[in-house]
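Read the structure below first, then the notes.
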Amino acid sequence: MSAETEIDRVRTLVDPIASDLELDVYDVERRGSTIRITLDTVAGSESGINLDALSLATRLISREMDHEDPIDGHYTLEVTSPGLERPLRTPAHYQREVGKVVTVRLRDSTANPRRLGGVLVSADDQFVTIRLTDGDDVDRNIRITEIDKARTVFEWGPKPKPGKQPKAKKAGNSAADKSKTNKSTKEKQTS
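All residue numbers for the sequence shown refer to the numbering used here, where the first residue is 189 and numbers rise by one.
Pasting the structure below:
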């Protein structure tokens with residue numbers, strides 16, 4: 189049995205389980221004796237997959253795979269989420285992440301530059317368009333088959349503005365607060 193056929197069989201078993209749990213099969217891959225099934229929320233969902241849903245999916249998938257036995261020999265099953273910085277392998281992955289910041293490494297080792305970063309502007313079944321963040325805001329069309337690796341980039345909130353940031357005021361340290369404290373202390377002493 190070829191690895192591709194095994195992966196297809198696993199996906200066929202996992203798809204209905206994921207669908208029943210309102211999840212999407214993001215990826216299925218085999219590396220050595222490990223079968224990794226990556227689940228995510230359905231496209232368009234604002235929230236990420238939660239631990240309870242992932243745990244339930246793992247139990248159901250494990251039970252179904254033990255029953256159907258789609259893989260020859262022993263294997264380790266991993267059921268996971270794609271994480272914040274998710275790999276992009278298929279046209280569907282790219283289409284789902286339009287509008288997000290991505291990094292791409294091209295297959296051609298002589299390409300200059302070989303590594304690109306920017307906002308994924310559009311994606312179809314053959315091409316992606318990335319607005320490069322090298323300062324020129326140039327859109328670059330890339331054939332998906334020319335991409336060696338790609339992933340989304342998680343951004344930690346808004347970037348601080350350049351320059352010195354004002355220090356936060358501590359309660360009771362302002363001149364007005366000190367004046368009030370001194371005044372009330374003097375009033376207590378005279379009474």
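C-beta: ideal position from N, C-alpha, C; glycine also.
A quick note: this is a predicted structure, and the numbers were derived from the prediction, not measured.
Close Cβ partners of R339 (< 8 Å) along its chain, the five nearest in sequence each way excluded: Along the sequence shown, read from residue 1 onward, the residue named residue 339 stands at position 151. Answer for R339: E273, R274, P275, L276, V290, T291, listed in chain order.
D336 - DSSP class collapsed to helix/strand/coil: Numbered from its first residue, the sequence shown carries residue 336 at position 148. In the three-state reduction of the DSSP assignment, D336 falls in the strand class, which pools E and B.
Return the chain-ordered list of same chain residues with a C-beta closer than 6 Å to the C-beta of M263, the five sequence neighbours on each side being excluded. The count along the sequence shown starts at 1 and reaches residue 263 at position 75. What sits at residue 263 in the sequence shown is Tyr, not Met. S221, I223.
Bounding residues of the beta strand (DSSP E) (the contiguous stretch that carries D254): Here the question's residue 254 lines up with position 66 in the sequence shown. Not the beta strand (DSSP E): D254 falls in the alpha helix (DSSP H), residues 239-256.
Tell me whether T317 sits in a helix, a strand or coil according to DSSP, three-state version. Within the sequence shown, the letter at position 129 stands for residue 317. In the structure shown, T317 adopts extended strand secondary structure according to DSSP, grouped into three states.
Considering only residues of the same chain and omitting the five flanking positions on each side of S372, which have a CB-CB separation below 7 Å? Counted from its first residue, the sequence shown places residue 372 at position 184. A caution first: S372 carries a pLDDT of 49, below 50, which makes its placement in the model unreliable, though a value can still be read off. In the same chain as S372, and ignoring 5 residues on each side of it, no C-beta atom comes closer than 7 Å to its own.
Specify the secondary structure class of L308 as computed by DSSP and reduced to three states. One-based indexing of the sequence shown puts residue 308 at position 120. Correct three-state label for L308: strand.
If you draw a straight line from the C-alpha of L201 to the C-alpha of E252, how long is it? The residue labelled residue 201 in the question sits at position 13 within the sequence shown. The residue labelled residue 252 in the question sits at position 64 within the sequence shown. For L201 and E252, the gap between their C-alpha atoms comes out near 7 Å.
Which value, in whole angstroms, describes the spacing of the CA atoms of A206 and I259? Locating residue 206 in the sequence shown gives position 18, where the first residue counts as 1. Locating residue 259 in the sequence shown gives position 71, where the first residue counts as 1. So the alpha carbons of these two residues sit roughly 19 Å apart.
To the nearest angstrom, how far is it from the Cα of R319 to the Cα of I332? Position 131 of the sequence shown, counting from 1, holds the residue named residue 319. Position 144 of the sequence shown, counting from 1, holds the residue named residue 332. Those two C-alpha atoms are separated by around 15 Å.
Do G287 and L265 have their C-beta atoms closer together than 8 Å? The residue you call residue 287 lines up with position 99 of the sequence shown. The residue you call residue 265 lines up with position 77 of the sequence shown. No, the pair does not count as a contact, with Cβ atoms beyond the cut-off.
Could you tell me which of S269, Q283, D312 sits nearest to T246, measuring between CA atoms? Here residue 246 refers to the residue found at position 58 of the sequence shown. Closest in C-alpha terms to T246, from the list S269, Q283, D312, comes S269.
Just verifying my parser: in three-state terms, what is the DSSP assignment at Y214? Taking the sequence shown and counting its residues from 1, one reaches residue 214 at position 26. Y214 sits in a strand when the DSSP states are folded into three classes.
Please state whether DSSP places P204 in a helix, a strand or coil. Here residue 204 corresponds to residue number 16 of the sequence shown, with the count starting at 1. In the structure shown, P204 sits in a helix (DSSP, three-state: H, G or I).
Less than 8 Å between the C-beta atoms of T226 and L211, yes or no? For the purposes of this step, residue 226 is taken as residue 38 along the sequence shown, with counting starting at 1. For the purposes of this step, residue 211 is taken as residue 23 along the sequence shown, with counting starting at 1. Pairing T226 with L211 gives a Cβ-Cβ distance that is not under 8 Å.
Those residues which DSSP pairs with R224 across a bridge: In the sequence shown, counting from the first residue as 1, residue 224 sits at position 36. Checking the DSSP bridge columns, you'll see R224 partnered with E217, E266.
Count the other CB atoms, across all protein chains shown, that sit within 10 Å of the CB of D257; report buried if there are 16 or more and exposed otherwise. Here residue 257 refers to the residue found at position 69 of the sequence shown. Under this definition D257 is an exposed residue.
Look up V326 in the DSSP assignment and say whether it is helix, strand or coil. On the sequence shown, position 138 is the one that residue 326 refers to. Reduced to three states, the DSSP call for V326 is coil.
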